[in-house]
Amino acid sequence: MATAGNLLNGQQNDVESIWLELSHGIQDVYAHREMTSERFMQLYTHVYNYCTKSPSTPDGGGAGSRRSARIRRRVPGETASSAAFSSAFVGHDLYSKIREFLKNYLADLTKNGADKMGEDLLTFYLREWERFTFSSKVMNGFCSYLNRHWVRRECDEGREHVYQIYQLALDIWKENFFEPLHGPAIATVLQIINRDRLGEMVNTGAIKGLVDSLVELGTDRNAQDTPQNQNRNDDLGIYQRRFEDSFITETESFYSKESIEFLHSDKSVPEYLKKVDLRLLEERRRVGLYLHASTMDRLMRTCDTVLIEKQLAALHDEFPKLLKAERGDDMGRMYDLVARLGDAFGNMRELLQTHIATQGSMAIHEHKDQCNKEPTEYIKTILDVYNKFSGLVSTAFKQDPGFVAALDRACGTFINSNEITRDPKGAHKSPEMLARYCDSLLKKTGKNYEDKELDELLNQAMVIFKFIEDKDVFQKYYSRMLANRLVSSMSASDDAESSMIAKLKVACGFEYINKLQRMYQDIGLSKDMNEDLKQWLGRQQIADPMKVDFYIMVLSYGSWPFSPDTNDGFLLPQVLEPCVNIFSQYYQEMHTGRKLNWLYSKSKGEVVANCFGNKYTFVLSTYSIGVITQYNTKDSYKLYELSEATQLREDIVTQIVQLFMKANLLKSNHAEDKLSLQSEITLNKGYKNKRFKVNLMQPLKTEVKIEDEKTQASVEDGRLMECQAAIVRIMKARKFLEHQNLLSEVISQLNHRFKPSIPLIKKSIDILIEREYLGRKEGEHNTYEYRT
Numbered sequence: 001m002a003t004a005g006n007l008l009n010g011q012q013n014d015v016e017s018i019w020l021e022l023s024h025g026i027q028d029v030y031a032h033r034e035m036t037s038e039r040f041m042q043l044y045t046h047v048y049n050y051c052t053k054s055p056s057t058p059d060g061g062g063a064g065s066r067r068s069a070r071i072r073r074r075v076p077g078e079t080a081s082s083a084a085f086s087s088a089f090v091g092h093d094l095y096s097k098i099r100e101f102l103k104n105y106l107a108d109l110t111k112n113g114a115d116k117m118g119e120d121l122l123t124f125y126l127r128e129w130e131r132f133t134f135s136s137k138v139m140n141g142f143c144s145y146l147n148r149h150w151v152r153r154e155c156d157e158g159r160e161h162v163y164q165i166y167q168l169a170l171d172i173w174k175e176n177f178f179e180p181l182h183g184p185a186i187a188t189v190l191q192i193i194n195r196d197r198l199g200e201m202v203n204t205g206a207i208k209g210l211v212d213s214l215v216e217l218g219t220d221r222n223a224q225d226t227p228q229n230q231n232r233n234d235d236l237g238i239y240q241r242r243f244e245d246s247f248i249t250e251t252e253s254f255y256s257k258e259s260i261e262f263l264h265s266d267k268s269v270p271e272y273l274k275k276v277d278l279r280l281l282e283e284r285r286r287v288g289l290y291l292h293a294s295t296m297d298r299l300m301r302t303c304d305t306v307l308i309e310k311q312l313a314a315l316h317d318e319f320p321k322l323l324k325a326e327r328g329d330d331m332g333r334m335y336d337l338v339a340r341l342g343d344a345f346g347n348m349r350e351l352l353q354t355h356i357a358t359q360g361s362m363a364i365h366e367h368k369d370q371c372n373k374e375p376t377e378y379i380k381t382i383l384d385v386y387n388k389f390s391g392l393v394s395t396a397f398k399q400d401p402g403f404v405a406a407l408d409r410a411c412g413t414f415i416n417s418n419e420i421t422r423d424p425k426g427a428h429k430s431p432e433m434l435a436r437y438c439d440s441l442l443k444k445t446g447k448n449y450e451d452k453e454l455d456e457l458l459n460q461a462m463v464i465f466k467f468i469e470d471k472d473v474f475q476k477y478y479s480r481m482l483a484n485r486l487v488s489s490m491s492a493s494d495d496a497e498s499s500m501i502a503k504l505k506v507a508c509g510f511e512y513i514n515k516l517q518r519m520y521q522d523i524g525l526s527k528d529m530n531e532d533l534k535q536w537l538g539r540q541q542i543a544d545p546m547k548v549d550f551y552i553m554v555l556s557y558g559s560w561p562f563s564p565d566t567n568d569g570f571l572l573p574q575v576l577e578p579c580v581n582i583f584s585q586y587y588q589e590m591h592t593g594r595k596l597n598w599l600y601s602k603s604k605g606e607v608v609a610n611c612f613g614n615k616y617t618f619v620l621s622t623y624s625i626g627v628i629t630q631y632n633t634k635d636s637y638k639l640y641e642l643s644e645a646t647q648l649r650e651d652i653v654t655q656i657v658q659l660f661m662k663a664n665l666l667k668s669n670h671a672e673d674k675l676s677l678q679s680e681i682t683l684n685k686g687y688k689n690k691r692f693k694v695n696l697m698q699p700l701k702t703e704v705k706i707e708d709e710k711t712q713a714s715v716e717d718g719r720l721m722e723c724q725a726a727i728v729r730i731m732k733a734r735k736f737l738e739h740q741n742l743l744s745e746v747i748s749q750l751n752h753r754f755k756p757s758i759p760l761i762k763k764s765i766d767i768l769i770e771r772e773y774l775g776r777k778e779g780e781h782n783t784y785e786y787r788t
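Counting from 1, one number per residue, gives the positions in the sequence shown under UniProt numbering.
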């Protein structure tokens with residue numbers, strides 16, 4: 001029977017013979033000799049056998065030898081767990097032998113590359129890297145048993161510097177081949193990249209090969225523990241510290257030199273912008289082509305700093321020139337580049353604002369005469385400027401909030417203060433013109449718009465409305481014109497009217513459009529009332545009591561911008577008197593205690609004329625009906641006689657007669673503009689017209705002037721009341737407030753409707769003090785107190 005010592009010696013010889021076979025196989029793998037599947041399985045078996053053989057122990061026997069013998073007897077049927085336990089004793093030996101082999105192999109390889117330089121060295125490195133990693137992956141395959149058992153157990157127990165065989169190979173490559181040769185190889189790659197930037201044809205595959213090698217090598221255990229390194233990805237340590245740092249430094253140097261040379265040459269800033277745009281595109285492509293994706297952010301930041309941030313002064317200086325020349329593409333390119341730095345626009349927004357305001361004022365100046373007369377021309381001029389620069393802000397400045405705000409401020413400036421509004425008579429011209437423009441869109445005319453087109457035009461009007469400071473003035477004019485459209489049935493579209501009111505509600509709130517909605521409600525109620533009137537007349541059993549077709553509109557007092565007629569003594573034509581009397585009787589029965597005020601100046605009717613060669617129907621105001629029906633009695637009157645017969649003011653009668661003379665319905669012994677009270681006004685019996693229905697409804701200049709004056713007075717009165725209400729609200733909440741703070745809060749509260757002047761606020765304060773809503777705090781003359 002053999003002794004324990006002899007048994008161990010025999011096993012030792014077996015292990016050495018296995019290693020001899022295994023080492024020959026490893027040499028074949030790294031020499032790239034042909035490897036069959038059978039040969040691969042032989043090497044796998046050698047690793048398995050080596051790991052499952054019992055190792056020699058320091059004491060030469062004892063428990064260790066008995067355990068080895070016991071395990072060896074179980075080899076034919078041993079389990080995975082028992083095999084793993086056995087391999088723990090010999091795995092370290094095999095692992096160490098493989099490590100030594102790799103070190104020796106790479107030492108020889110390093111000597112072969114020591115005398116190589118430049119691209120020869122790079123080519124050598126990449127070729128050997130590819131061969132080495134391929135061979136190491138093969139070896140990792142037939143060493144999988146060692147990886148699964150001994151290596152895994154060592155790692156689980158926290159052993160340092162123990163890796164899977166492939167990772168071990170990379171680690172040894174890193175220490176024995178990469179460290180001596182990486183410096184010249186990386187320097188060569190950086191030179192190739194610079195040549196690529198200069199437009200030369202280069203081998204990008206070589207760059208990518210080295211980068212992939214650095215990425216696969218992973219962690220850099222030789223890196224110093226600095227704050228910069230602590231923030232990095234350890235898995236990319238080699239790539240970032242050995243290559244990326246140098247690459248970024250080289251990039252900064254390359255582009256610093258290029259940008260300075262470019263801007264100091266005869267090239268323009270717009271050309272520089274294009275160059276930078278191209279360079280950034282190239283660098284992004286470069287990352288995608290042969291660098292690691294993690295480099296993108298750092299590379300872009302470096303390019304931004306060198307190519308843009310350090311040249312900001314030149315870019316800012318160029319912006320006014322681009323703006324003046326309206327070079328939208330170049331401004332867009334500049335914006336895109338500067339925006340990469342965050343908020344580094346300097347005074348670009350202010351320059352844009354000034355330019356737009358100047359262009360707007362110039363446009364209105366160039367069309368001053370037309371703008372003064374035609375609301376459509378005025379609004380079109382403003383819209384042309386707005387749309388032009390809105391397009392610029394949208395395309396060139398990408399709707400950047402800061403540039404949008406600059407556009408808004410500029411538009412507010414030239415819309416509210418221009419050559420027309422600075423005229424003493426045109427202080428509120430912009431809101432008035434906008435209201436008249438909306439009236440022209442919403443009123444029946446020869447040109448009626450499609451619904452979609454009309455809605456777009458109203459949207460454009462609302463764009464301008466946003467910039468109007470005196471929104472209360474717009475409200476007064478719009479309300480008046482809406483009222484005229486409604487009472488004269490001249491609205492082109494009820495849907496469009498409702499849509500416009502809805503737009504105003506969104507912009508200014510319910511209170512702003514409250515009266516507008518009530519006017520609409522009155523029109524609907526009036527329709528119902530006319531139907532009810534017909535039924536009431538039927539119940540009275542009076543045959544055709546009114547003699548004429550009659551339609552009534554009942555308007556709520558306070559909701560409509562109409563005031564009682566200035567011609568209270570107007571004598572209604574006899575044919576219309578039954579209509580007024582019967583409706584008054586009906587209304588009093590239906591609504592006890594209510595008072596009716598008749599607005600003849602807003603009423604109209606149709607008159608049929610049978611005194612000419614043809615039968616004509618004329619659409620006339622009630623005042624005009626009162627004048628023309630006088631000719632049922634005789635053919636000629638002096639002007640003062642018409643005034644007496646109708647009880648209309650002489651200036652009103654004069655304008656009505658002038659209207660009839662222009663229509664060739666009446667004639668006189670004096671010219672239209674030379675009429676006097678003694679002028680003879682005669683019916684033109686030879687009147688002819690191609691149309692058998694003639695609309696002679698035109699506003700009288702006198703009435704329009706009075707309405708304008710009332711509107712202006714209403715604006716001022718309304719502002720005074722709103723200012724007082726705002727002061728009361730503020731003081732009720734604050735109880736005590738200093739004068740300057742009160743001014744600021746009042747302006748802030750009312751800014752959405754109008755910009756209150758300081759004198760207006762002071763006047764309001766004085767009124768409230770007089771009415772004892774406010775008082776001055778005792779001992780503090782500059783502080784107000786609220787009094788209940």
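C-beta: ideal position from N, C-alpha, C; glycine also.
According to DSSP, simplified to helix, strand and coil, what is Asn741?
helix
Within 10 angstroms of the Cβ of Pro561, are there 16 or more other Cβ atoms? Answer buried if so, exposed if not.
buried
For Gly237, count the other beta carbons within 10 Å of its own beta carbon; 16 or more makes it buried, fewer makes it exposed. Which is it?
buried
Beta bridge counterpart(s) of Ala609 as assigned by DSSP:
Tyr616
Assigned exposure category for Ile382 - 16 Cβ within 10 Å defines buried
buried
Please confirm whether Glu469 and Asn416 have their CB atoms less than 7 Å apart.
yes
Going straight from the alpha carbon of Thr226 to that of Gly360, what length do you get?
Note on Thr226: pLDDT 49, under 50, position unreliable in the model; the coordinate value appears next. Near 58 Å, if we compare the C-alpha coordinates of Gly360 and Thr226.
Taking the Cβ atom as the reference point for each residue, do Tyr239 and Val215 lie within a distance shorter than 7 Å?
yes
Short Cβ contact (7 Å threshold) for Gly218 with Asp235:
yes
Any idea if Thr52 is buried or exposed, counting beta-carbon neighbours within 10 angstroms, 16 or more meaning buried?
buried
Measuring CB to CB, does Glu128 end up less than 7 Å from Leu106?
no
Pick helix, strand or coil for Glu772, following the three-state DSSP scheme.
coil
Identify which residue in Leu458, Gly538 and Pro184 has its Cα closest to the Cα of Ile501.
Leu458
Contact check, Tyr784 vs Leu742 under 8 Å by CB: the rounded distance?
6 Å
Please list the terminal residues of the continuous beta strand (DSSP E) segment that includes Ser636.
Ser636 to Lys638
Which word fits Asn448, buried or exposed, when buried means at least 16 other C-beta atoms lie within 10 angstroms of its C-beta?
exposed
Whole angstroms are fine: how far does the CA of Leu43 sit from the CA of Gly25?
7 Å
Considering only residues of the same chain and omitting the five flanking positions on each side of Ser256, which have a CB-CB separation below 6 Å?
Val306
Could you check how far apart the C-beta atoms of Val393 and Leu407 are, in whole angstroms? I think they sit under 8 Å.
5 Å
Between the C-alpha atoms of Glu157 and Tyr50, what's the straight-line distance to the nearest angstrom?
22 Å
Is it right to say His781 is buried, meaning 16 or more other beta carbons lie within 10 angstroms of its own, or is it exposed?
exposed
Reference Cys438; option with closest CA among Gly446, Ser488 and Ile464
Ile464
Since Val548 contacts Cys579 with CB under 8 Å, what's their CB separation in whole angstroms?
7 Å
Residues in its own chain within less than 7 Å of Ser764 by CB, not counting five upstream and five downstream?
Leu720, Cys723, Gln724 and Ile727
Is the stretch 644-657 close to the stretch 683-691, with three or more CB pairs under 8 Å?
no
Please list, in chain order, all residues of the same chain as Thr622 whose beta carbon is under 6 Å from its beta carbon, the five residues on each side excluded.
Tyr600 and Ser603
Option nearest Cys411 by Cα separation, candidates Ala357, Tyr145 and Ser213:
Ala357
Indicate whether Pro375 and Met462 have their beta-carbon atoms separated by less than 7 Å.
no
Would you report the Cα separation of Glu770 and Val473, rounded to the nearest angstrom?
28 Å
Could you tell me whether the Cβ atoms of Ile681 and Leu666 are closer together than 7 Å?
yes
Report yes if the C-beta distance between Lys471 and Thr711 is below 7 Å; otherwise report no.
no
For chain D, find out if any of its Cβ atoms is closer than 7 Å to the Cβ of Ala314; answer yes or no.
Absent from the structure is chain D; it holds one protein chain and no more.
Are there 16 or more other CB atoms within 10 angstroms of the CB of Gln311, so buried, or fewer, so exposed?
buried
Residue ranges of each alpha helix (DSSP H) run of no fewer than 4 residues wholly in the stretch 313-400, ordered along the chain?
328-339, 348-366, 368-373 and 375-395
Do you know whose CA, among Glu672, Met331 and Glu606, lies nearest Phe403's CA?
Met331
Beta bridge counterpart(s) of Ile681 as assigned by DSSP:
Tyr637 and Ser668
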